[in-house]
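Shown next, in structure tokens, is the structure this report addresses.
Right, here's the structure in full:
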């Protein structure tokens, strides 16, 4: 409950907005939001296995070539509350997802200036957020392989939806790694370190790993899995969230996305277990943003279950049941809604 | 958990900001956030027991005299999770509070143009948000007495912190009632109705009422009670939220506020149950905004309990234990934190 009070998802009805309005983007912070009253004093240090270590201010960063990308980010733990037994971390239901226009400079300009040594196997990114997890004190840190870090779409970002980053989204500087679950997009970024061995920081090896048993090494969480969500139709009940819909034609709206730049190819809507293809809008906002879908449902009086299911160009389809994971990561099961039609 | 995923409080570390940054202001919505793609089509209807019913667009509203007020709003249910037995509504811990600069026109210009009939005893306000509670379908609605509604500081608001209202905070138009718990500040406002009898809408009489037993009529929730919160010092643990602090002098920061324009007169900090007066900053931002306080604590190694307690000009002081209320309303008990000093 304490974690649910601190972290919040998008409200599903606001999926109608192409870009998630300020304050409705999901938020998952491991530690405190750093208080940064003077962004002019912020420095990003680039070091480790590089030929030319240096540091940059936010102002200097803004004088490098700028790029704006519309990116859908989802928390790797989204949907965790539906997996049983439930891992006692942030109890996400649906909606730990959001889409924003991120503006900054491609990371590669900075890495190319530093010149990575030839033995570099990973590049690690550290935030100013610091605290304890299982007794281990650390600053939040994550790594990427150089070939990904040197791609065009990994950004060092200072603006979100045309405004300076809000404090809780990483002010004054964060990383954005499109197509990956949100844990890769390190906030309050103040240090980059090139490494000759794989990064073994807490947030890289102790969590964000797919496991079905406690002892196994597991598989690192990386790309976002294919997923879709539906704007709940009709009117809600405050206590149960159950929906009341008027009989007749109802236009259902939703969003669908996948990871790693892989396009969604199909969205289906399930009504009481019968699946029909929905209309999927074109990817007008680039390969990293969710897409809109619609479906006209003729609602007949009674109790119904609605669901939506996306498939991507890799042939991946959302499963009907939550894939079991011990930490509750990567749950992309179909989104179901119970509705009463009157 | 479903309600905790939808509604969110401020993060206590962000109390360092005089004005709560966008997206960190607490949020409590009973029903869906209305989707309003075309604010130009929005109308506010003023009717009921008035001589001259009329309606206004947002644009017309913005041509009336404008006023900006810095207002601290708190949810009446803030702290509910600490009251036992816990009412199964939104499980707020601390932090269902925020401060914003609200811009709009004083409500009285609109009421004076409509001319209230002499038999008007209440003015009711309705939002576009609609749904069910205990089987009763209704649009969110609340009322005020005419003498309050005709005051200078009750505003019809179209901007928050200099930006158009975010959808979740009432876009394109909401009421702001400074000094009252947040339930009075109706969002997505589209209708005002002057009444010759007390308003008996669901949100006026069935909830937001102080009760200690189920059957009693109870006392309506109105003004915000005196309260203070502390920015948690040191570093947090992800799972427990417990704090780790370095030994030596530590500056504690926090905020204090009361309701009805009554000034806070004193803030005390408790260390292991011993209370000392903190430094309370002047009310530079007007009578409706929280005030900043500081206290230097010399942290000695070991386990400690920190607390803060405010007193207002009416002589009201925060209680040490949560005042029992069946619905968990108005909990202004002192804010306590467990810290480990190393």
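Chains as they are written, first to last, in my numbering: chain A, -10 to 331; chain B, -10 to 331. Where is the CB? At the ideal position from N, CA and C, for every residue including glycine. Small disclaimer: the values here were computed from a predicted structure and weren't measured.
| Query | Result |
| --- | --- |
| Contact defined as beta carbons within less than 8 Å: I believe residue 1 of chain B pairs with residue 221 of chain B. What is the distance between those atoms, to the nearest angstrom? | 6 Å |
| Give me the chain E residues within the contact set of residue 157 of chain A, using Cβ-Cβ distance strictly less than 9 Å, ordered along the chain. | Of the chains in the structure shown, none is chain E; the protein chains are A and B. |
| Can you give the beta carbon distance from residue 335 of chain B to residue -1 of chain B, rounded, assuming they're within the 8 Å contact cut? | Chain B is shown from -10 up to 331; residue 335 of chain B falls before or after that span and cannot be answered. |
| Beta strand (DSSP E) containing residue 361 of chain A: first to last residue? | Past the boundaries of the shown model lies residue 361 of chain A; chain A is included only from -10 to 331, so the question cannot be answered. |
| So which of A:256, A:269 and A:193 has the shortest CA-CA distance to residue 122 of chain A? | A:193 |
| Using the beta-carbon of each residue, which ones in chain B are nearer than 7 Å to residue -5 of chain A? | 0 |
| Any Cβ of chain B within less than 8 Å of the Cβ of residue 120 of chain A? | yes |
| By alpha-carbon positions, which one of B:218, B:288, B:170 and B:175 ends up nearest to residue 198 of chain B? | B:170 |
| Pick out whichever of A:65, A:329, A:108 and A:296 has its Cα sitting closest to the Cα of residue 39 of chain A. | A:108 |
| Near residue -8 of chain A, which residues of its chain fall below 8 Å by C-beta distance, leaving aside the five closest residues on each side in sequence? | 78, 79 and 80 |
| Taking 7 Å as the limit between beta carbons, can you name the residues of its chain near residue 332 of chain A, skipping five residues before and five after? | Outside the shown range of chain A (-10 to 331) lies residue 332 of chain A, about which nothing can therefore be said. |
| Determine, using beta-carbon pairs with one atom in the region 293 to 300 of chain B and one in the region 321 to 330 of chain B, whether at least three such pairs fall under 8 Å. | yes |
| Give me the residue from A:101, A:45 and A:111 with the minimum Cα distance to residue 135 of chain A. | A:111 |
| For the alpha helix (DSSP H) holding residue 191 of chain A, just list the boundary residues, first then last. | 191 to 194 |
| Chain B beta carbons: is any one of them nearer than 8 Å to that of residue 70 of chain A? | yes |
| Taking residue 331 of chain A as the query, report the chain B residues whose CB atoms sit under 7 Å from its CB, ordered along the chain. | Under the 7 Å cutoff, chain B gives no residues; its nearest Cβ is about 10 Å from residue 331 of chain A. |
| So that I know if they touch, is there some Cβ in chain A lying closer than 8 Å to that of residue 163 of chain B? | no |
| Would you say the region 307 to 318 of chain B touches the region 276 to 290 of chain B, given that touching needs at least three Cβ pairs under 8 Å? | no |
| Could you tell me whether the Cβ of residue 127 of chain A comes closer than 8 Å to any Cβ of chain B? | no |
| Extract the residue ranges of the beta strand (DSSP E) inside the region 241 to 294 of chain A, only unbroken runs of 3 or more that lie entirely within it. | 253 to 260, 263 to 266 and 280 to 288 |
| With burial defined as no fewer than 16 other Cβ atoms inside 10 Å of the residue's Cβ, what is the status of residue 59 of chain A: buried or exposed? | buried |
| For a contact defined as C-beta to C-beta under 7 Å, what are the partners of residue 24 of chain B on chain A? | 2 and 5 |
| Name the two residues that bound the continuous beta strand (DSSP E) containing residue 310 of chain B. | Careful: residue 310 of chain B lies outside any beta strand (DSSP E) and carries neither H nor E. |
| Return the chain-ordered ranges of every alpha helix (DSSP H) run that is complete within the region 100 to 186 of chain B and spans a minimum of 4 residues. | 135 to 138 |
| According to the neighbour-count rule (16 or more other Cβ atoms, all chains shown, within 10 Å of its Cβ), is residue 164 of chain B buried or exposed? | buried |
| For a contact meaning CB atoms closer than 8 Å, what does residue 355 of chain B contact in chain A? | Not covered by the structure: residue 355 of chain B. The range shown for chain B is -10 to 331. |
| Using a beta-carbon distance below 8 Å, is residue 172 of chain A in contact with chain B? | no |
| Please decide whether residue 74 of chain A counts as near chain B, where near means a Cβ-Cβ distance under 8 Å. | no |
| By the DSSP assignment, the alpha helix (DSSP H) with residue 47 of chain B in it spans what residues? | 47 to 51 |
| Out of B:-5, B:245 and B:223, point me to the one whose CA is closest to residue 86 of chain A's CA. | B:-5 |
| Scan the region 127 to 146 of chain B for residues whose Cβ lies nearer than 9 Å to a Cβ of chain A and list them as they occur along the chain. | none |
| Helix, strand or coil: which one does DSSP assign to residue 231 of chain A? | coil |
| Starting from residue 84 of chain A, find everything on chain B with Cβ-Cβ shorter than 9 Å and list it in chain order. | -6 and -5 |
| I want to know whether the region 30 to 37 of chain B touches the region 38 to 52 of chain A - three or more CB-CB distances under 8 Å. | no |
| With a threshold of 8 Å between beta-carbons, can residue 80 of chain A be considered close to chain B, or not? | yes |
| Return the first residue and the last residue of the beta strand (DSSP E) that residue 58 of chain B is part of. | 56 to 63 |
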